[in-house]
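In full-length UniProt numbering, the protein residues as written are 1 to 382.
The beta-carbon is built from N, C-alpha and C at its ideal position, and this holds for glycine as well.
For reference, the structure is listed below as structure tokens.
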Amino acid sequence: MIFEGKTLAELPVKLITEAGMITAVESLDTQDTSSLPYIAPGLLDLQVNGFAGVDFNTLPLNKTDLIHATEAMLSNGVTGYYPTVITNSDENICKLFQTFQLLRGSDSRLDQCLLGYHLEGPFISPNDGPRGAHNRDYVQAPNVELIKKWHQESQDQLRILTLSPEWEQGLAETIEYCVANNIKVSIGHSAATPMQIAHAVQLGATMSTHLGNGCDLQIHRHHNYIWQQLAEDNLWTAIIADGFHLPPAVIKVILKAKQDQVILTSDTTAFGGMKPGRYQTHIGGDVILTEEGKLHLASNDELLAGSAKSVLDCINYLTRANLLDVESAWDKASAAPAQFMDLSRRGHLAVGQRADLVELEKRDGILSVAKTILAGEAVYTA
1 MIFEGKTLAE LPVKLITEAG MITAVESLDT QDTSSLPYIA PGLLDLQVNG
51 FAGVDFNTLP LNKTDLIHAT EAMLSNGVTG YYPTVITNSD ENICKLFQTF
101 QLLRGSDSRL DQCLLGYHLE GPFISPNDGP RGAHNRDYVQ APNVELIKKW
151 HQESQDQLRI LTLSPEWEQG LAETIEYCVA NNIKVSIGHS AATPMQIAHA
201 VQLGATMSTH LGNGCDLQIH RHHNYIWQQL AEDNLWTAII ADGFHLPPAV
251 IKVILKAKQD QVILTSDTTA FGGMKPGRYQ THIGGDVILT EEGKLHLASN
301 DELLAGSAKS VLDCINYLTR ANLLDVESAW DKASAAPAQF MDLSRRGHLA
351 VGQRADLVEL EKRDGILSVA KTILAGEAVY TA
């Protein structure tokens with residue numbers, strides 16, 4: 001297959017693919033690129049709680065729903081993602097991993113798009129604020145035996161664990177097991193001290209989960225867990241840049257402090273891609289999704305009820321707010337997560353990469369997906 005377009009840096013290119021891989025990248029000999037679509041590597045999202053009306057944390061989860069959510073993400077340019085299991089009972093976490101693996105093995109497209117699993121909790125802060133919407137009844141100290149069990153139930157596909165290092169019990173053993181078994185440890189939903197953050201990084205933690213969210217409303221101006229995470233050279237930083245979770249000034253500071261170690265994630269929920277309206281959710285009760293895409297509690301429009309945006313929306317927000325140019329913003333959701341997760345064949349337009357591509361249109365500075373290509377095959381056309 002041959003795909004012609006222009007990169008986000010406006011360079012005309014021809015991509016030749018074979019057996020689902022990019023086998024050649026050539027300059028396209030043309031002076032007029034106005035009719036060419038933009039072409040970019042598929043997006044990768046490290047934190048997806050659900051999408052298009054499908055909640056990944058509600059059992060039973062069936063194949064039809066998971067395919068529906070995956071196809072909706074493909075229509076937003078996401079060719080690989082990590083379903084995120086949040087704080088729950090030990091038994092339900094097991095059931096969710098079992099279900100995902102069963103469904104993943106039953107469909108080749110799911111197998112290509114589901115890159116592993118992100119477990120967000122239950123080893124997080126029990127405190128109101130840092131805990132966020134996670135159920136306090138199931139929050140607990142790190143337990144390496146549970147991680148071993150869940151890793152086994154996921155058939156060794158658990159790839160990210162978000163925890164809080166404020167727990168002393170079981171922390172070292174849990175992080176050490178994760179590091180030895182290819183599970184990235186990320187700090188999030190935490191009220192940890194700067195010293196506890198530094199200790200977790202020494203043990204092997206390598207990322208911050210949605211930094212600036214899942215934290216206290218008020219913290220010490222100097223000695224706090226946000227400054228410490230920004231200062232840790234070995235920590236990558238994931239952010240939700242949807243226009244609601246972080247103000248532009250905070251995003252700007254994070255981008256300057258962490259530079260090439262910033263990853264865009266949607267942290268999207270079942271309300272991602274849904275129409276505006278009033279909905280009922282098992283976590284937040286009555287919620288409202290506004291025309292602008294803000295998801296908040298019906299009782300208080302200042303309290304977010306999660307994200308309802310895709311990672312493509314985050315890219316468009318960053319460029320509209322003049323925080324990043326379009327090529328750099330796209331890299332934060334393709335090349336950066338691929339590098340962090342050691343995905344050597346994803347995230348770039350280069351020979352030897354999977355032919356996971358997105359053809360894009362740009363109108364008034366906003367990118368929209370015209371076509372999504374998975375392993376050389378068009379799986380979505382606008």
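Grouping DSSP H, G and I as helix and E and B as strand, with all else coil, what is H134?
Mapped onto the sequence shown, residue 134 falls at position 134. Three-state DSSP puts H134 in coil, outside helix and strand.
Where G212 and Y380 are concerned, what is the direct C-alpha to C-alpha distance, given to the nearest angstrom?
As a first step, residue 212 must be located in the sequence shown, where it is residue number 212. As a first step, residue 380 must be located in the sequence shown, where it is residue number 380. One C-alpha to the other measures close to 34 Å.
Proximal residues to W150 (C-beta, below 8 Å), its chain only, five neighbours per side dropped
Counting from one through the sequence shown, the residue named residue 150 turns up at place 150. Excluding positions up to five away in sequence, the list reads I93, C94, F97, L119, L158.
When the distance is taken between beta carbons, is A350 closer than 8 Å to residue 383?
In the structure displayed, the chain extends from 1 to 382; residue 383 sits before or after that span and is not available.
Considering just the uninterrupted stretch of the alpha helix (DSSP H) at N316, what are its terminal residues?
As a first step, residue 316 is located in the sequence shown; it is residue number 316 there, counting from the start. Looking at the DSSP string, the run of the alpha helix (DSSP H) that includes N316 is 311-320.
Between A141 and the rest of its own chain, which residues show a CB-CB distance below 6 Å, the 5 nearest in sequence each way excluded?
To locate residue 141, count along the sequence shown from 1; it is residue 141. W167, Q169, G170, listed in sequence order.
Please give the ranges of any alpha helix (DSSP H) in the segment 155-205, keeping only runs that are unbroken, at least 4 residues long and fully inside the region.
171-180, 194-203
Residue 383 to T99, Cα distance in whole Å?
Nothing about residue 383 can be reported from this structure: the residues present for the chain run from 1 to 382 only.
Hey, would you say S344 sits closer than 8 Å to Q47, going by beta carbons?
As a working mapping, residue 344 is identified with position 344 in the sequence shown. As a working mapping, residue 47 is identified with position 47 in the sequence shown. Not in contact: S344 and Q47 (Cβ atoms no closer than 8 Å).
Among N316, E359, E145, the one whose alpha carbon lies nearest that of P41:
Stepping through the sequence shown from its first residue, residue 41 is reached at position 41. The option with the nearest alpha carbon to P41 is E359.
Residue from G188, P247, G243 whose Cα sits closest to the Cα of L235
Here residue 235 is taken as the residue at index 235 of the sequence shown, counted from 1. Residue G188 is the option with its Cα nearest to L235.
Contact the segment 118-137 vs the segment 82-93: 3+ CB pairs below 8 Å:
yes
Identify whether E291 lies in helix, strand or coil by the three-state DSSP scheme.
Locating residue 291 in the sequence shown gives position 291, where the first residue counts as 1. The answer is coil: DSSP assigns E291 none of H, G, I, E or B.
Roughly how many angstroms separate the alpha carbons of L43 and Q112, rounded to a whole number?
Sequence index remark: in the sequence shown, residue 43 carries index 43 (1-based). Sequence index remark: in the sequence shown, residue 112 carries index 112 (1-based). About 13 Å.
Would you kindly report the start and end of the unbroken beta strand (DSSP E) that includes residue 387?
Beyond the ends of the chain as shown, which are 1 and 382, falls residue 387; an answer cannot be given.
Distance CB(S190)-CB(P165) smaller than 8 Å:
Here residue 190 corresponds to residue number 190 of the sequence shown, with the count starting at 1. Here residue 165 corresponds to residue number 165 of the sequence shown, with the count starting at 1. In contact: S190 and P165 (Cβ atoms closer than 8 Å).
Kindly confirm or deny that the segment 330-337 and the segment 247-265 touch, where touching means at least three C-beta pairs closer than 8 Å.
yes
In chain order, what are the residue ranges of uninterrupted beta strand (DSSP E) at least 3 long that sit wholly in the segment 9-48?
12-18, 21-27, 38-41, 43-48
For the alpha helix (DSSP H) containing E71, name the first residue and the last one.
As a first step, residue 71 is located in the sequence shown; it is residue number 71 there, counting from the start. Start and end: 63-74.
What does DSSP give as the partner residue(s) for S106 in the beta ladder?
Start at 1 with the first residue of the sequence shown, and residue 106 comes out as number 106. None, per the DSSP bridge assignment.
Taking L230 as part of the alpha helix (DSSP H), name the residues at either end of that continuous run.
Along the sequence shown, read from residue 1 onward, the residue named residue 230 stands at position 230. Start and end: 225-231.
Does the Cβ of D313 have 16 or more other Cβ atoms within 10 Å, making it buried, or fewer, making it exposed?
Numbered from its first residue, the sequence shown carries residue 313 at position 313. Buried: at least 16 other Cβ atoms inside 10 Å.
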